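For what it's worth, UniProt numbering labels the leading residue of the sequence shown as 1, then goes sequentially. Ideal placement from N, C-alpha and C gives every residue a C-beta, glycine not left out. Note that the coordinates shown come from a computational prediction; the quantities given were computed from them, not determined experimentally.
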Amino acid sequence: MASTSSSQTPPPPFAHDVFLSFRGADTRHGFTAHLYGALVRRGINAYRDDNELARGETIEPSLLRAIECSRFSIVVFSRGYAESPWCLDELAKIVDCRRRLGQAVLPVFYDVDPMVVAELNGEYGEALNRHCRGDSAGKVEQWKEALEEVGNVSGWDVQNKDQSEMVREIVDTIWLELSRTLEVSMDNLVGMGSRANKLKELLGEDTGDDVRFVGISGMGGIGKTTLARVVYDEMSLEFRNSRCFLENVKDSFEKHGAVHVQEHLLSAVLMEKNLKVWDAHTGKVMIKKSLQHRKVLLVLDDVDSAEQLEMLAANQNWFGPGSRIIITSRDQRLLYKHGACGVFKLEGLNYIEALTLFSLKTFKNYEPSEGFEEFSMRVVEYAQGLPLAIEVLGCFLGGRSRREWESAITSLKDYCDDILDVLKISFDGLNKPEKDMFLDIACFFNLKSINEVKKVLNSCGFCADIGVKHLVEKSLLSFSPMGKLVMHDLLRDMGRKIVHLESPGNPGRRSRLWDPEDILSVLTTPTGREEVEAIVLDLPEKEEVQLNREAFSNMYRLRLLIIRNAKFEEGPIDLPSELRFLVWDCYPSESLPASFRRSKLVELNMCYSNMSRLWHGKAKMSNLNAMDLSHSHNLIATPDFTGAPNIATLIFKDCTSLGVIHPSIGSLQKLTCLSFRGCTKLHNLPSMPGKLKELYLDSTALSNEELQQIICWAVALSVLSLSSCNSLKTVPVSIGSLKQLKVLNLHGCSQLDNVPRELGGLESLEELDLSGTKISQPPLSIFYLKHLKTLSFQYNMPTKLPTLSGLHSMITTLNLGDCGLKEGDFPTNVGCLLPSLELLDLSSNNFVTLPIIGQLSRLYSLRLDNCMMLRCLPKLPSRIEFLYVNGCVSLGQMPDMKFSGGHFYFEGLDCSKLYDENGVSEDSSWPTLLRRPLLRGQEHPATLERLVFKVQGSRIPKWFTHQRDGSSIWVSLPKSPDYDDMMGLALCCTVNDLTDGSHFSKQQLGSPSKRQRQHICFFFVSGDSIRFLLKGLSDGSACVGLSFEELPFYQLIKPGAAVEVIRCGYRIVSRRDIEDLAAGTSTDVASASATIRRDDDHSPRPKKLIFEGSRSLVLFCANDFVCVRVLKVYQVD
């Protein structure tokens, strides 16, 4: 109904919502009085001039300013309105504001026809004629224009209508318009628009007749109250006067009691002052009786107990149809228990939102001031999206000099007391065990594996499953997609501050020690006291430390001790008897202290220790559950386990001197996992417990007779790993008795020449590895294994490959690498025989061609490394994502590929013919190796998101128009409309392998001795993926800093493999490029060398910093993948 013209001048700050223009003599004490009162009751700031101007006086400047500083003007046209020169002056000013500032004008035709006003006839025409003969003749034309303009605006004709209904309709319209302006003003509430929409989806767009309780949960300071207020304001019009926003319910209950809060609620909804509630029970009855037939909008903010909810909104039948109750709480479980139909988990701001909010609070602008960009980024990274922290730090730093910023940035934690006080409210609401678990995680275990942390906490006597769940529900913890516990850095800092304040000047009197400097000061001097409960020392690299041997003598409450990378010359004289979880890598003593009472110990982990014997005689260790002494090369014998009947896991991996196993191991009835992997001197094993599930004897001197005994004892085995047991010549027929066995690993048993037919009786077997044995062909018994999923027969030279038709159709992984297979040996109907196959390895065989495998609809990984006679590939399955052809020197043609998975990774080192025929060289303008997959991606855009090629070479092709030395480059993205039409981004880098090549396995990369050390990596990322990465940037105009410093596929092949990125480049792939690929031509062949831009500048001139930090552009993610780190994103002019 309001009419708005385009604004030419920035609007002034609004002092009023509405300016009322009327003739006092006609409507002041009637219609206008009712309208003004209704506006005020609704909470609308209305301006009404209560001063009667004497005839002849000019309108005051203050009144003109009031008009200009109002969002809306309501003009009440009455019969005598045009008689008043000052009314007409007001109207002229209102029209001026409408034209210049876009002010909305709402006309009300009280007792005059709208046509009389618009056409200037009747009373209005007569009044204007009289003005022409008076002192105001010079203004008449301006007044006429104003009357005509506003008279033609759609408004309300009140003549002969119910005035009270008209007043209500006018007020509702104003309120609706104000609500819309609120959405616009949410520019200052960064990120709230999208979150408010999601919350309203939970509340329901159409309220209907159902009553909904909806929760908002999240950590303190995340913006729950702000979000609730925004949605409350937006929905208030629909609920008219039946609404209430109760802030700080928890604090109000604590300070004033339940009755006070109930009175506040009833007074607000019923609009009655001084409403009296006698007691809390009566208040509950009054709320239900008063509101059960009303459509209510109620916000209960910051609730922390079920009692508070019972007193204010016990259930849905307390409220009328269509009611909406929004509850904010840090405790997600509380919301669900109270019957919330949905809970909106409020997350922190993303990087762009956080930087925008920080800039608004600090610089009163949407971006950092020049010279403060880097400082701002560091603050935003520290705040990790927490609005409270961003606002507090922004207000603190605003207006300060660069020197003050430099000083403050180095110690941000010192300025966060207000933030930490808010966060501590959640901590204070925890019970004692939950507080202890929170502090343990804050001090030691943030970003650690969920299962590992739970294991430690359980060892320390906590109920970790329930406790961690409660911490998550109370928004103090979360889980990462990678299975790690995640605590916001500010919550972590708050927890550590709580511990630090236990004894600020003396670390030895704090409950937890995590800082290496504090720990070393305690361990090198006898300053530790009984207050110390947990110590975790994890130095970044090995360091020699002088231990005071009495350091632990007074730590009577120490329950958790973890020491890594610290090398001590001597061990401690004693260890506390309260220890429950002990990890000490490189423990220096030959045994545990004799005086150490170990009865409460749950887990003992002493890898790389210097111990020869763990303890002497029997030790009472009834709580011990797990022991790991891996790589303890001096250990000669296991201890007597008689006093440790509850051990479930024993790991003695790579204890190369271990030759004696105490017979008491056979009495451990709860032992389920036992590993002697790499214990090369071990050959005489005692009896094993019957409930053992996993047994690892790899690289031991196990004999056939000993294996026979083990099978007789450990009948419940599910995993039996015997790889590289070179004394093993046969597998006993009794193997068939292991009915629960799922994994049998005989890899590398070089003397093993057969397996019995009883192998077929392993009805639960899922994985079988016979690689590297003397077995010349797969045994027929495997055809009876109906649950077999993984079969490996690598490095074996079969005299004949039996038909695969007997293999069960559930096989998902088949490895026949280096089996001497020739043309025709592999079946042509493999797609019918093995329809579930996902991974196929045929490396180092003698094929010339490969049979059709397109029917393998589930196949996503194919390895053909070192098939030196292979000349071409058949059509590949559409789901294929990984293709390895390293060392296929005869291969010259890329297969026809159809992509359905969105990703494709190709690895083809040492494929000279493939390079020659597909244009992989410095001189090629188009790398035609990429031609087919790119064309396929163009035909079906949704089928190709990311493409990675790794091939031999030392120079980037000229087709990549932007190149520079080093491992990073700035990528200038095009502006719209080219940004929207961009097909993708092609990247390239040359990599120097600094290792000797020995880390590459034979089936992966062929013969190391022949391998060249320089590789080229091609990457293609679709335009949609780029636009998703930069979704905060709507129109392109960005410069993206990329780094190729980490190429993790090398690390996956061999941890520690060293590579160096020599040069990198990129090209924006346009539609024209794709068309040229299809035509086999290039528009820039002739001037290829001239078009290469040497990007040697360090960075662009930024207009606006969009992103900086740890985000990675994941080009591929699976067993092998490539990550390109996104350093910064700038918006540029």
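Can the beta-carbon of V1069 be found closer than 8 angstroms to that of V991? Not in contact: V1069 and V991 (Cβ atoms no closer than 8 angstroms).
If we ignore side chains and look at the alpha-carbon of each, how far apart do S589 and A354 end up? Spanning the two alpha carbons is a distance of roughly 52 angstroms.
Roughly how many whole angstroms lie between the Cα atoms of S724 and N554? 48 angstroms
For the beta strand (DSSP E) containing D965, name the first residue and the last one. 962 to 965
Validate contact between the stretch 857 to 867 and the stretch 832 to 845 using beta carbons, cut 8 angstroms, 3 pairs: Contact holds: three or more Cβ-Cβ distances are below 8 angstroms.
For a quick check, are the C-beta atoms of A104 and F72 less than 8 angstroms apart? yes
Give me, in chain order, the residues of the same chain whose beta-carbon lies closer than 6 angstroms to that of E917; leave out the 5 immediate sequence neighbours on both sides. G892
Pick from C1064, S503, A38: whose alpha carbon is nearest that of S968? C1064
In the structure shown, what three-state DSSP assignment does D841 receive? Of the three classes helix, strand and coil, the one that applies to D841 here is strand, per DSSP.
Rounded to the nearest angstrom, what separates I782 and Y915 at their Cα positions? 41 angstroms
In DSSP terms, what L63 is bridged to: DSSP, once it has assigned bridges, lists no residue as partnering L63.
Closest to A66 by C-alpha separation, out of A196, C132, V18, would be which residue? V18
Can you tell me which residues form a DSSP beta bridge with S1022? G984
Straight-line CA distance for T700 to L722? 8 angstroms
Counting only the same chain and skipping the five closest in sequence on each side, list residues whose C-beta sits under 6 angstroms from that of N846. K822, M869
What residue ranges within the stretch 569 to 631 form continuous beta strand (DSSP E) runs of no fewer than 3 residues, ordered along the chain? Unbroken beta strand (DSSP E) stretches of 3 residues or longer found wholly inside the stretch 569 to 631: 581 to 584, 603 to 605, 626 to 628, given in chain order.
Per DSSP, what are the beta-bridge partners of K345 in this structure? The bridge partners DSSP lists for K345 are S217.
Taking 8 angstroms as the threshold (C-beta atoms), are L624 and N646 in contact? yes
Count the other CB atoms, across all protein chains shown, that sit within 10 Å of the CB of L20; report buried if there are 16 or more and exposed otherwise. buried
Cβ-based burial, M487 [other Cβ within 10 Å; buried from 16]: Within a 10 Å sphere around the beta-carbon of M487 sit 16 or more other beta-carbons, which makes this residue buried.
So which of L746, D910, A637, A442 has the shortest CA-CA distance to K424? A442
Closer than 8 angstroms is the cut-off here; do at least three beta carbon pairs connect the stretch 816 to 831 with the stretch 852 to 860? Look at the beta carbons and you see the stretch 816 to 831 touching the stretch 852 to 860: at least three pairs across the two are nearer than 8 angstroms.
What does DSSP give as the partner residues of Q952 in its beta bridges? H1015
Excluding the five sequence neighbours on either side, which residues of its own chain have a C-beta within less than 6 angstroms of the C-beta of G221, listed in chain order? L386, L388, V422
Considering only their Cβ atoms, is the gap separating L300 from A313 smaller than 8 angstroms? Yes. Within cutoff.
In this structure, how does DSSP classify C989 when only helix, strand and coil are distinguished? Here C989 carries a strand assignment [DSSP, helix/strand/coil].
Check each candidate in C132, Y587, D698, R598 and name the one with the smallest Cα separation from A566. Y587
For N317, which three-state DSSP category applies? helix
Assuming the contact rule is C-beta atoms closer than 8 angstroms, V231 and L199 should be a hit. Round their C-beta distance to whole Å, please. Rounded, the Cβ-Cβ distance is 5 angstroms, consistent with contact.
Going by Cα to Cα distance, which pick from F245, A25, L650 is closest to D628? L650
Smallest Cα separation from Q159: which of P114, C132, E201? P114
For a test of your reading of the model: does the CB of E838 fall under 7 angstroms from any non-hydrogen atom of the ligand FAD? Yes or no. In the structure on display, the ligand FAD does not appear, and there are no ligands present to speak of.
C-alpha distance - N129 paired with G122, whole-angstrom precision: 11 angstroms
Cβ of C460 within 8 angstroms of Cβ of L560? yes
Inter-residue spacing [alpha-carbon to alpha-carbon] between I326 and W175: 21 angstroms
Taking the C-alpha atoms as reference points, what is the distance between L520 and N548? 10 angstroms
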